[in-house]
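Below: the structure, in structure tokens.
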Amino acid sequence: ARRAALAASSGPGRTADGHGVQLLANVGSAKDLAGGLGDGVEGIGLFRTELLYLDRAEEPSFDEQVEAYRAVFEAMGSRKVVVRTLDAGADKPLPFITPDDEPNPALGVRGIRIAEKRPAVLRSQLKAIAEAARTTDADVWVMAPMISTPAEGARFAEECRAAGIATAGVMIEVPAAALRSAAMLRGVDFLSIGTNDLSQYTFAADRMCGELAELLDPWQPALLELIATCAAAGKAAGRSVGVCGEAASDPGLAVVLTGLGISSLSMSPRSVPAVRESLARYTLAECAEIAKAALAAEDAAAARSVLS
Ligand code: PEP
Ligand code: MG
């Protein structure tokens, strides 16, 4: 029992019977790494690169980008770092690149859709990431935001390979991409589910709208069903499928996600200890039972009560 308690309070994430679940951190720049990530955090599951581009009239220079990425990679030693390419538009407008005349920016030209219109910005970013990766030991993975179709995912992976990046994946934030996750995995190496946007688009509910909190509840069975589809596709293809949205930081939901077959959870570093302790309370088989019951629940409240 003492050993179990110790395992629950430190080290990498695992269930009571030792099934590993990578616990990773969401960061915005090297500044977030100043105090260390805390014991047992196995790497960075979401490096949001928007910060580098904010409050500027032009994109940052190539050298500036290399320096910013290198600072994060160096701080992580040989650990995994999943870099997300520029996610501009909607809730993250950037003056030099975001169209400002869209009636509905959340459904407009954002994320990878901007990159397709301005390919030079994406190419320069991928080259800078590859250069920073080449000169450090970090295990660098790169993923694109707001991918909707397998063709978009495959095009992105090709761009990554052309730039010299070995591991290329996509974020699953659009329901269409979740439904086609098996086809998506034929063209990319991994999936990372962004539950903030996936909730927004599944429920047609603005993620910034507090009044719609009930629809945006990450325990909504419809959201869990899309996650289950992605996890099953990952299992069949032998690929990693992680969650990097807010849902990953909920200790109870972490048990459900693990039971659905999710292989990594990325969150704000301060959320890691509670998630680790929660996972250590259940065997993988128990997680799967709990996940099955949550999926079958009538609504979010009923799904949540499966654990209580
Ligand atoms: C998400 O959408 O869940 C996500 C992780 O990305 P962001 O919150 O930066 O849109
Ligand atoms: Mg998002």
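Under my numbering, the letters of the sequence shown match residues 161 to 468, in that order.
Don't be surprised by glycine CBs; every beta carbon is placed ideally from N, CA and C.
Asked	Found
With C-beta atoms as the reference, is Ser284 less than 8 Å away from Phe222?	yes
Report yes if the C-beta of Asp247 is less than 7 Å from at least one heavy atom of the ligand MG; otherwise report no.	yes
Report the residue from Ala304, Ala463 and Ala314 whose alpha carbon sits nearest the alpha carbon of Glu333.	Ala304
Assuming Ala290 and Ile325 make a contact with CB atoms under 8 Å, what is their CB distance in whole Å?	5 Å
Threshold first: 3 residues or longer. Then list the beta strand (DSSP E) segments lying entirely within the stretch 282-316, N to C.	299-307
Does DSSP put Ser465 in a helix, a strand or coil?	helix
Using 7 Å as the cut-off, classify the Cβ of Thr355 as near or not near the heavy atoms of the ligand PEP, replying yes or no.	yes
Which word fits Gly196, buried or exposed, when buried means at least 16 other C-beta atoms lie within 10 angstroms of its C-beta?	exposed
Which residue comes first and which comes last in the beta strand (DSSP E) that contains Ala328?	Thr327 to Ile332
Using only alpha-carbon positions, find the residue among Glu234, Gly405, Val416 and Glu406 that is nearest to Ala453.	Val416
Could you say which of Glu219, Ser189, Ala190 and Leu184 lies nearest to Gly203 if we only look at CA atoms?	Leu184
Would the stretch 378-386 count as touching the stretch 350-370 if we require 3 or more Cβ pairs under 8 Å?	yes
Should Met368 be labelled buried (16 or more other beta-carbon atoms within 10 Å of its own) or exposed?	exposed
Measure the beta-carbon distance from Thr295 to Arg244 and round it to whole angstroms, keeping in mind my assumption that it falls under 8 Å.	Actually they do not touch by this definition, with Cβ atoms about 21 Å apart.
Would you kindly work out how many angstroms separate the C-alpha atoms of Cys404 and Lys240, rounded to a whole number?	14 Å
Under 8 Å between the Cβ atoms of Asp355 and Leu383?	In the sequence as presented, Asp is not what sits at residue 355; that position holds Thr. It is a contact, given that the beta carbons lie within the stated cut-off.
Does the ligand PEP have a heavy atom nearer than 7 Å to the CB of Arg270?	no
Which stretch, first to last residue, makes up the alpha helix (DSSP H) that contains Arg436?	Val432 to Leu439
Have a look at Ala194, Gly205 and Arg346 and flag the residue whose alpha-carbon is nearest the alpha-carbon of Ser423.	Gly205
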